[in-house]
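Numbering (our numbering), first residue to last: 3 to 159.
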């Protein structure tokens, strides 16, 4: 049986490195851009201040024990951009929606009470929860095959 050439092995290795960022935020062999979506989470794991990155640059979200939340520079939906601008500061409550049979991940659900003109779904109000040994991230998981652009990371003092 012939041995594969060094050149062929090198080409295969290079191709694997190039393809890795295109699949589900990386693979087990490489550090993922966000932690894997959690099937469950507890309020104690999520309480704290989050800072945004990429499309969420400048966004801050604070989740308090007891379910209160505040958001700074939160993105408005298309309908409200004419009234509030691209972003707004708001407050309200938060809760964790457990994974269900049709959805295999837990979600953070935000309920804005200020500004009062938002209805459910009028802005980004559901985020995937990702937790691993070093990070807690909240992110919009529109396509699980690519790294999410809207992501928030729990700030650890």
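Ideal placement from N, C-alpha and C gives every residue a C-beta, glycine not left out.
Taking only beta-carbon positions, decide if residue i is within less than 7 Å of chain C.
i	result
residue 63	No chain C is part of this structure, which consists of one protein chain only.
For residue i and residue j, what's the separation of their Cα atoms in angstroms?
i	j	result
residue 58	residue 46	23 Å
residue 41	residue 108	5 Å
residue 95	residue 125	14 Å
residue 48	residue 147	25 Å
residue 143	residue 63	17 Å
residue 103	residue 153	25 Å
residue 151	residue 36	10 Å
residue 80	residue 101	28 Å
residue 67	residue 158	16 Å
residue 145	residue 118	30 Å
If you run the structure through DSSP and keep just helix, strand and coil, what is residue i?
i	result
residue 80	helix
residue 158	coil
residue 86	helix
residue 46	helix
residue 135	coil
residue 40	coil
residue 108	coil
residue 92	strand
residue 30	Confidence at residue 30 is low in this model, with a pLDDT of 45, below 50, so the placement of that residue should be treated as unreliable; the coordinate-derived value is given next. The answer is coil: DSSP assigns residue 30 none of H, G, I, E or B.
residue 57	coil
residue 66	coil
residue 100	coil
residue 129	strand
Considering only heavy atoms of the ligand SAM, does any lie closer than 6 Å to the CB of residue i?
i	result
residue 42	Here there are no bound small molecules, and the ligand SAM is not part of this structure.
Sorted by chain position, which residues of the same chain lie with C-beta nearer than 6 Å to residue i's C-beta, five sequence neighbours on each side aside?
i	result
residue 116	92 and 93
residue 56	151
With distances taken from CA atoms, which of the options is nearest residue i?
i	options	result
residue 90	114, 67 and 97	114
residue 141	50, 44, 54 and 49	54
residue 111	65, 36 and 60	65
residue 155	118, 101 and 51	51
residue 73	67, 61 and 80	61
residue 38	118, 128 and 106	106
residue 43	138, 77 and 158	138
residue 76	149, 158 and 129	129
residue 127	145, 158 and 78	78
Spatial neighbours of residue i within its chain, please: C-beta separation below 8 Å, excluding the five flanking residues on both sides.
i	result
residue 69	45, 95, 96 and 97
Excluding sequence positions up to five away, which residues of its chain have a Cβ less than 7 Å from the Cβ of residue i?
i	result
residue 71	63, 64, 65, 93, 94, 95, 96 and 112
residue 99	108, 109 and 111
Item to check | the stretch 70-85 in contact with the stretch 129-139 per 3-pair CB rule at 8 Å | outcome: no
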